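Step one of this worksheet: look at the structure below.
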Amino acid sequence: MSQDTRESSESTEVDKFLPNNLSLPAYVPLSPNLRRDFERVFRVTANDLTTPAINQHRSTTKSYIHYILENGTLDFDEQTLNNFAIGYKQLLESRCNLKKFESVASDDRITNYLNKSQPLTLETLDSYHSMEKPSYEELMSQPQAITSTTEVENHLKSDEFYQLLRSILFVLKHPEEPVPDVTADDEEDVGISGGTISLKDPLTLNTFASPVMGSCGHTFESSSIRQQIQQHPNGVIECPISGCDNQLSMNNLKQDILMKVRVRIASKQHKSNDDLDIVH
79 MSQDTRESSE
89 STEVDKFLPN
99 NLSLPAYVPL
109 SPNLRRDFER
119 VFRVTANDLT
129 TPAINQHRST
139 TKSYIHYILE
149 NGTLDFDEQT
159 LNNFAIGYKQ
169 LLESRCNLKK
179 FESVASDDRI
189 TNYLNKSQPL
199 TLETLDSYHS
209 MEKPSYEELM
219 SQPQAITSTT
229 EVENHLKSDE
239 FYQLLRSILF
249 VLKHPEEPVP
259 DVTADDEEDV
269 GISGGTISLK
279 DPLTLNTFAS
289 PVMGSCGHTF
299 ESSSIRQQIQ
309 QHPNGVIECP
319 ISGCDNQLSM
329 NNLKQDILMK
339 VRVRIASKQH
349 KSNDDLDIVH
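In short: position in the sequence shown from 1, add 78, done, that's this note's numbering.
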């Protein structure tokens, strides 16, 4: 057998053990260390700057609202409150998108692929060329990778503080009107009588000075409702509003900021109207 024939035969035998495609595949597995770093990038808890920003923004806004309410000579600035609301909304949207970003990393197409990854060797090279390769770039560009408007709106509806800001902005112009409800289609209008919001305590019929709200959503003057609760042996009473069977205690009363803003704005509007009547 000639040398050329022998070399050709040997080459054929070697080719049997080589992959069909010796080129580098589009995807190569990450080393364990790099994979941990890669997964950490998508971990919201490790990269979330929105939560502290939201907390700081909420604290600053609350301080402004309380400062105005505690100083009777001051008025709310609509533009300032609107800026607070816009900034808060943008932070909430950022947090929604960040969580959506994290969900991309947990996509089954990605996790299944990573979990099945084998070391890149001559034996596995063909399988890497032939397997369906998910792409982070493609996943991130898909519509579901970006938080939809509906998702953001649902998040905003469930955020109590954002709804308070939205309500205050409405009340600045309409202190005795119910805030248009966007949180539920059939939610009962609480405290609405004749299309207006009562600014008086249902127990004493005096204008609210320090309103508190029960867990049922009904508002009372702090001193009057607390007195009733204190007089009950168990420290728990049924809501005094007819038809409401919610239980009220000291623990489930909270300051009704919106009602306090209503009273402040309505009082100033009435005073302004009275002054105009005197002038005329």
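C-beta: ideal position from N, C-alpha, C; glycine also.
Computed from a predicted structure; not experimentally measured.
Using a C-beta cut-off of 8 Å, the stretch 279-296 makes no contact with the stretch 245-259, since fewer than three inter-stretch Cβ pairs fall below that distance.
Counting the other CB atoms within 10 Å of its CB gives Val249 a total of 16 or more, which places it among the buried residues. With fewer than three CB-CB distances shorter than 8 Å, the stretch 227-236 does not count as touching the stretch 126-146. For the stretch 279-338, the continuous alpha helix (DSSP H) assignments of 4+ residues that do not extend past its boundaries occur at 300-309, in sequence order. For the options Gly292, Cys174, Met209, the alpha carbon positioned closest to that of Cys322 is the one of Gly292. At the C-beta level, Arg136 and Phe286 stay beyond 7 Å of one another. For Pro253, the number of other beta carbons within 10 angstroms of its own is at least 16, and it is reported as buried.
Boundaries of the alpha helix (DSSP H) harbouring Ala131: 128-148, taken from the DSSP string. For Ile246, the CB contacts under 7 Å within the same chain, skipping 5 residues up- and downstream, are Leu159, Leu336, Val339 in chain order. Rounded to the nearest whole angstrom, the CA to CA distance from Ser141 to Lys346 is 22 Å. CA-CA distance, Arg244 to Asp279, rounds to 24 Å. A direct Cα-Cα distance of roughly 34 Å separates Ile146 from Leu176. The beta carbon of Gln157 sits closer than 7 Å to no other beta carbon from its chain once the five residues preceding and following it are set aside. Your pair Leu234 and Leu170 checks out as a contact, with CB atoms roughly 6 Å apart and the cut at 8 Å. Using a Cβ distance threshold of 7 Å, Leu331 and Val290 count as a contacting pair. DSSP places Leu159 within a helical segment (H, G or I) once states are collapsed to three. Counting along the chain, Tyr240 sits inside the alpha helix (DSSP H) bounded by residues 238-249. Annotation: Leu203 to Asn111 spans about 22 Å, alpha carbon to alpha carbon.
With contacts defined by Cβ atoms closer than 7 Å, Ile307 and Met328 form a contacting pair. Leaving aside the five residues that flank Asn98 on each side, the residues in its chain whose CB is nearer than 7 Å to its CB run, in chain order, Asp204. Under a 10 Å Cβ-count criterion, Arg114 is classified as exposed, with fewer than 16 other Cβ atoms of the shown protein chains found around its own Cβ.
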